[in-house]
Ligand code: PXL
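In this note's numbering, the protein residues as written are 1 to 276.
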């Protein structure tokens, strides 16, 4: 039996631990084959660094997709994250339409912002495009800022986490894992809406009081790997929350600057051995 194959459509940021530099090692550790389709190449991510380079890969993307199509490549999952331009969002929609087969899991991490602010490279047009792209997903993984943008609400005007995920589920058709949700003091995690069961359920771990960059990408990558392994949504979200918590604990102890992301590398062993 071949191992699961995942097309990962994110940027490649050379330094700072996010997007593909997180998705590739995590999905490999989880026993899946991760095929990267880079959206842009940056020297660093855009959070906390000045003067980063940004090479837009939009023109390359359709050529890569066409070559993969000519090879008749098939994917068990398509997983998208940070995108570099409006046109690129349309290309990812086309990629999903061209490569999705019955049984292909489509995970869209609607990366647009955090802490109530939209990321520097995201224009209003891109945010509107992201809302459209997310409609094609089986599972979306917004943080609270992205949930507000998807629902067209001001940040801070979101209903309860349970109601937010139900509203984001498009009438129960799409699963939602809302990240950064605290259900009680000192705890954090996610609120999940599982389109398979129609139920909302929270997963929580204790909170490490420290800010980290790139934890959304770590969370969504573990979630994608676990779903492809066949775990149910809340089990996959719990594994992701525990892994992020372990990374956060280690990184806080090392007192790493926030912009360097979380020190997940020594913890990859926690994710191996879970498949087939
Ligand atoms: O972690 C999300 C992310 C991904 N990629 C790039 C980013 C960010 C967030 O700032 O800048 C390039």
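Ideal Cβ placement from N, Cα and C applies to all residues, glycine included. Bear in mind that the values here come from a model prediction, so they are computed numbers and not experimental data.
**Message:** How far does the beta strand (DSSP E) with residue 161 in it extend, from its first residue to its last?
**Reply:** Here residue 161 is taken as the residue at index 161 of the chain shown, counted from 1. No beta strand (DSSP E) contains residue 161, which is instead part of the alpha helix (DSSP H) from 161-168.
**Message:** Going by DSSP, what residue range makes up the alpha helix (DSSP H) through residue 228?
**Reply:** Stepping through the chain shown from its first residue, residue 228 is reached at position 228. Unbroken alpha helix (DSSP H) run through residue 228: 215-228.
**Asked** Measuring from the CB of residue 141, is there a heavy atom of ligand 1 at a distance below 7 Å?
**Response** One-based indexing of the chain shown puts residue 141 at position 141. Incorrect: residue 141 has no Cβ contact closer than 7 Å to ligand 1.
**Request:** Confirm, please, whether the CB-CB distance from residue 88 to residue 130 is below 8 Å.
**Result:** As a position in the chain shown, residue 130 is number 130, starting the count at 1. As a position in the chain shown, residue 88 is number 88, starting the count at 1. For residue 130 and residue 88, no; Cβs fall outside 8 Å.
**Request:** Quick one: grab the DSSP three-state call for residue 275.
**Result:** Taking the first residue of the chain shown as 1, we reach residue 275 at position 275. Since pLDDT at residue 275 reaches only 42, below the 50 mark, its modelled position is unreliable, and no value is offered.
**Message:** Taking only three categories from DSSP, how would you classify residue 266?
**Reply:** Working through the chain shown from its first residue, we reach residue 266 at position 266. If DSSP states are grouped into helix, strand and coil, residue 266 belongs with the helices.
**Touch test, the segment 107-123 against the segment 250-266, Cβ-Cβ under 8 Å, three pairs minimum** = no
**Request:** Indicate whether residue 11 and residue 20 have their beta-carbon atoms separated by less than 8 Å.
**Result:** For the purposes of this step, residue 11 is taken as the residue at position 11 of the chain shown. For the purposes of this step, residue 20 is taken as the residue at position 20 of the chain shown. Yes, Cβ-Cβ distance for residue 11 and residue 20 is below 8 Å.
**Message:** At a threshold of 7 Å, does residue 41 count as lining ligand 1 (C-beta to nearest heavy atom)?
**Reply:** As a first step, residue 41 is located in the chain shown; it is residue number 41 there, counting from the start. Checking the Cβ of residue 41 against ligand 1 gives no.
**Prompt:** Is the beta carbon of residue 198 less than 8 Å from the beta carbon of residue 172?
**Reply:** Reading the chain shown from its first residue, position 198 is the one you call residue 198. Reading the chain shown from its first residue, position 172 is the one you call residue 172. Contact: yes.
**Asked** Do residue 34 and residue 28 have their C-beta atoms within less than 8 Å of each other?
**Response** By one-based count along the chain shown, residue 34 stands at place 34. By one-based count along the chain shown, residue 28 stands at place 28. Contact flag set, yes.
**Asked** Is it right to say residue 54 is buried, meaning 16 or more other beta carbons lie within 10 angstroms of its own, or is it exposed?
**Response** Residue numbering aside, residue 54 sits at position 54 when the chain shown is read from its first letter. Exposed, by the Cβ-count rule.
**Message:** At a threshold of 7 Å, does residue 122 count as lining ligand 1 (C-beta to nearest heavy atom)?
**Reply:** Along the chain shown, one-based indexing puts residue 122 at 122. No, since every heavy atom of ligand 1 falls outside the 7 Å radius drawn around the Cβ of residue 122.
**Prompt:** By how many angstroms is the C-alpha of residue 201 removed from the C-alpha of residue 65?
**Reply:** Taking the chain shown and counting its residues from 1, the one referred to as residue 65 is at position 65. Taking the chain shown and counting its residues from 1, the one referred to as residue 201 is at position 201. The alpha-carbon atoms of residue 65 and residue 201 are separated by roughly 37 Å.
**Item:** Identity of the residue in 109, 145, 98, 45 nearest residue 174 by Cα
**Value:** The residue you call residue 174 lines up with position 174 of the chain shown. That would be 109, whose Cα lies nearest to the Cα of residue 174.
**Prompt:** Taking just the CA atoms, how far does residue 269 sit from residue 26?
**Reply:** For the purposes of this step, residue 26 is identified with residue 26 of the chain shown, where counting begins at 1. For the purposes of this step, residue 269 is identified with residue 269 of the chain shown, where counting begins at 1. Each residue's alpha carbon lies about 10 Å from the other.
**Request:** Quick one: residues in its chain with C-beta nearer than 7 Å to the C-beta of residue 251, no 5 flanking neighbours on either side, listed in chain order?
**Result:** In the chain shown, the residue the question calls residue 251 occupies position 251. These residues qualify, in order along the chain: 212, 262, 263.
**residue 143 to residue 71 span [Cα, whole Å]** = Taking the chain shown and counting its residues from 1, the one referred to as residue 143 is at position 143. Taking the chain shown and counting its residues from 1, the one referred to as residue 71 is at position 71. Distance between the alpha carbons of residue 143 and residue 71 is about 36 Å.
**Request:** Quick one: grab the DSSP three-state call for residue 111.
**Result:** On the chain shown, position 111 is the one that residue 111 refers to. Residue 111: coil per DSSP, three-state reduction.
**Item:** Alpha-carbon to alpha-carbon, residue 63 and residue 180
**Value:** As a first step, residue 180 is located in the chain shown; it is residue number 180 there, counting from the start. As a first step, residue 63 is located in the chain shown; it is residue number 63 there, counting from the start. So the alpha carbons of these two residues sit roughly 36 Å apart.
**Prompt:** If we call anything under 8 Å between Cβ atoms a contact, is residue 9 one with residue 224?
**Reply:** Within the chain shown, residue 9 is the residue found at index 9, counting from 1. Within the chain shown, residue 224 is the residue found at index 224, counting from 1. No. Outside cutoff.
**Request:** With DSSP collapsed to three states, give me the class of residue 235.
**Result:** For the purposes of this step, residue 235 is identified with residue 235 of the chain shown, where counting begins at 1. DSSP places residue 235 in helix when its eight states are reduced to three.
**Message:** Looking at residue 134: is its Cβ nearer than 8 Å to the Cβ of residue 140?
**Reply:** If you number the chain shown from 1, residue 134 lands on position 134. If you number the chain shown from 1, residue 140 lands on position 140. Their beta carbons are under 8 Å apart, which means residue 134 touches residue 140 by this criterion.
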